[in-house]
Amino acid sequence: MNWAGRGVLILSFTLLLFILLWSEARATPSTPTISVISNETKSAGTGAILNISGGYISTINISATVQNPRWKAFVGNVTGKFTLDDASGSTIYDWSTTVTSGEIYATRNSSTIDWTNITCATTANLETENNNMGHTNPDDNITATFSDTTHQEFFVGSINISQNSCPTLNTYVNSASQDTSFEEVALYEAKGGNVIYATIMENDVTGFDGQTYDFQMIVPEVGTPGFDGATAYYLYVELS
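The numbering of the sequence shown is the numbering used here, which starts it at 131 and goes up by one.
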């Protein structure tokens, strides 16, 4: 899908998490089925009028809010189940989930992720991603955006991510900043050199627009001047 990188993508996930008899105690993140509900962005407005008589000099101050093409967002809800399957996909038993918990992961890497080799992203990792994505503005680059380190403990497969150990942000609720829900963490997979963005799932929590969601996350788009394409992200889900 080649979506414009300036909007909010609202998703609904359906996940079958396959747990084999010989699997580790915690399954690794799985590939979900994605249903796109909407893809929207703010409309361009008209110009602000300024009309003065000839021969005058007008001194003015200007304040503007501009849509940021260097970032895009995914928000939505998650449904799923745990299954006990064999190698052919035959199910001996399954369990539907009524309360969502776990993580959503997003990465630009199209190849298989080594989920046993996940750590917190370092400042150096994020600076490399700034260079890769053309994020040169110090006000809104990846390092500046993931500027906090306050998040809850969670697991990526069997890897423990300790509380308050990774670069973090909280996306907004009702268009306002907050620090209690929708935590997003920057992770790193050293084997492939990949930054992975992880958001910790909520359960029907009020989101950025007053609607309830299970997750919200933002990811960087190419920031090079003149870029008008869209960068694909590969999403994974882990239920716990």
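Glycine included, every Cβ here is placed at the ideal spot set by N, Cα and C.
Small disclaimer: the values here were computed from a predicted structure and weren't measured.
### For residue 365, the first and last residue of its enclosing beta strand (DSSP E)
Residue 365 sits at position 235 when you count from the first residue of the sequence shown. Unbroken beta strand (DSSP E) run through residue 365: 364-369.
### Query
Could you give the residue range of the alpha helix (DSSP H) that holds residue 272?
Translated into the one-based positions of the sequence shown, residue 272 becomes position 142. Counting along the chain, the alpha helix (DSSP H) containing residue 272 begins and ends at 272-275.
### Query
So, residue 353 versus residue 238, is the Cβ gap smaller than 7 Å?
Sequence index remark: in the sequence shown, residue 353 carries index 223 (1-based). Sequence index remark: in the sequence shown, residue 238 carries index 108 (1-based). Against a cut-off of 7 Å, the Cβ pair of residue 238 and residue 353 comes out as no contact.
### Inter-residue CB distance, residue 310 and residue 347 (contact presumed, cutoff 8 Å)
Locating residue 310 in the sequence shown gives position 180, counting from the first residue. Locating residue 347 in the sequence shown gives position 217, counting from the first residue. Residue 310 to residue 347, Cβ: 16 Å. No contact.
### Message
What does the alpha-carbon distance come out to for the pair residue 229 and residue 221?
### Response
Working through the sequence shown from its first residue, we reach residue 229 at position 99. Working through the sequence shown from its first residue, we reach residue 221 at position 91. Straight-line Cα distance between these residues: approximately 22 Å.
### Query
Is it buried or exposed for residue 153, if we count other Cβ within 10 angstroms and need 16 for buried?
Taking the first residue of the sequence shown as position 1, residue 153 is located at position 23. Confidence at residue 153 is low in this model, with a pLDDT of 35, below 50, so its placement is unreliable and no value can be given for it.
#### Entry: Straight-line Cα distance separating residue 363 from residue 308
For the purposes of this step, residue 308 is taken as the residue at position 178 of the sequence shown. For the purposes of this step, residue 363 is taken as the residue at position 233 of the sequence shown. If I take the Cα positions, the gap works out to 26 Å.
### Message
Assuming residue 262 is part of the alpha helix (DSSP H), what are its boundary residues?
### Response
The residue given as residue 262 occupies position 132 in the sequence shown. Per DSSP, residue 262 belongs to the alpha helix (DSSP H) from 253-263.
### Task
Put residue 355 into one of helix, strand or coil per three-state DSSP.
Position 225 of the sequence shown holds residue 355. In this structure, residue 355 counts as coil in the three-state DSSP scheme.
### Message
My output table needs one value for residue 153: the three-state DSSP class, helix, strand or coil.
### Response
As a first step, residue 153 is located in the sequence shown; it is residue number 23 there, counting from the start. Confidence at residue 153 is low in this model, with a pLDDT of 35, below 50, so its placement is unreliable and the value that follows should be read with caution. Coil, per DSSP.
### Task
Helix, strand or coil for residue 172, going by three-state DSSP, please let me know.
Reading the sequence shown from its first residue, position 42 is the one you call residue 172. Three-state result, residue 172: coil.
### Task
Using 10 angstroms around the beta-carbon of residue 351, count the other beta-carbons present and answer buried if the total reaches 16, otherwise exposed.
Stepping through the sequence shown from its first residue, residue 351 is reached at position 221. Flag for residue 351 reads buried.
### Query
Thinking C-alpha only, which one of 212, 217, 323 and 232 is nearest residue 223?
Taking the first residue of the sequence shown as position 1, residue 223 is located at position 93. Comparing Cα-Cα distances from residue 223 to each of 212, 217, 323 and 232, the minimum goes to 212.
#### Entry: Residues that residue 298 bridges to, as DSSP identifies them
In the sequence shown, residue 298 corresponds to position 168, counting from 1. In DSSP, residue 298 forms a bridge with 278 and 315.
### Task
Can you tell me which of the three DSSP states residue 347 falls into?
To locate residue 347, count along the sequence shown from 1; it is residue 217. Residue 347 falls in the strand class under three-state DSSP.
### Task
Take residue 252 and list the residues in its own chain whose beta-carbon comes closer than 8 Å to its own, dropping the five residues that flank it on each side.
Stepping through the sequence shown from its first residue, residue 252 is reached at position 122. Here the set comprises 318.
### Message
Whether or not the segment 175-192 and the segment 269-286 are in contact is what I'm after, with contact meaning three or more pairs of Cβ atoms, one per stretch, closer than 8 Å; do they touch?
### Response
no
### Task
Can you check DSSP and say which residues form a bridge with residue 306?
Counting from one through the sequence shown, the residue named residue 306 turns up at place 176. DSSP lists 303 as partners of residue 306.
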